[in-house]
Amino acid sequence: MAEERINLSREILSDLGRHKIQLFLILAVLVTAFASILVTNMTRTTTSRYNELMAERDSLEIEWRHLLLEQSTLAEHSRVAALAMEKLQMARPIVTTEKVIIEP
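According to my numbering, numbering within the sequence shown proceeds without interruption in unit steps and concludes at 1359.
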């Protein structure tokens, strides 16, 4: 009995040729698994970035409210008038010394 040598590469290719559908399905499962991993990672990254931006927005809104409050406090008429009198020695003009200029 003579032993016949089997060409291994030919047998593997023959096996792959006979099981094309199974091979295609295995590759499809692997591709969808990696796509699912990629989408999950992208979703987590996007959600994390969204939460960071929401926190920054909230911080900026609080700062904006503080600035509006500060602006309204600094622009109060009585405060401006008091500062003008104290620091700039400004006073309301007296009616008798007031000069009105009319342009033609």
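Cβ coordinates follow ideal geometry from the N, Cα and C atoms, glycine included.
Using a Cβ-Cβ cut-off of 6 Å (strictly less than) and excluding sequence neighbours within five positions of residue 1345, which residues of its own chain qualify? 1339
Same chain, Cβ closer than 7 Å to residue 1354, neighbours up to 5 away in sequence not counted: none
Cα separation between residue 1256 and residue 1293? Below a pLDDT of 50, predicted positions are generally treated as unreliable, and residue 1256, at 49, falls in that range; no measurement from the model is reported.
Alpha-carbon to alpha-carbon, residue 1329 and residue 1350: 29 Å
Going straight from the alpha carbon of residue 1268 to that of residue 1299, what length do you get? 42 Å
Can you tell me where the alpha helix (DSSP H) holding residue 1296 begins and where it ends? 1275-1329
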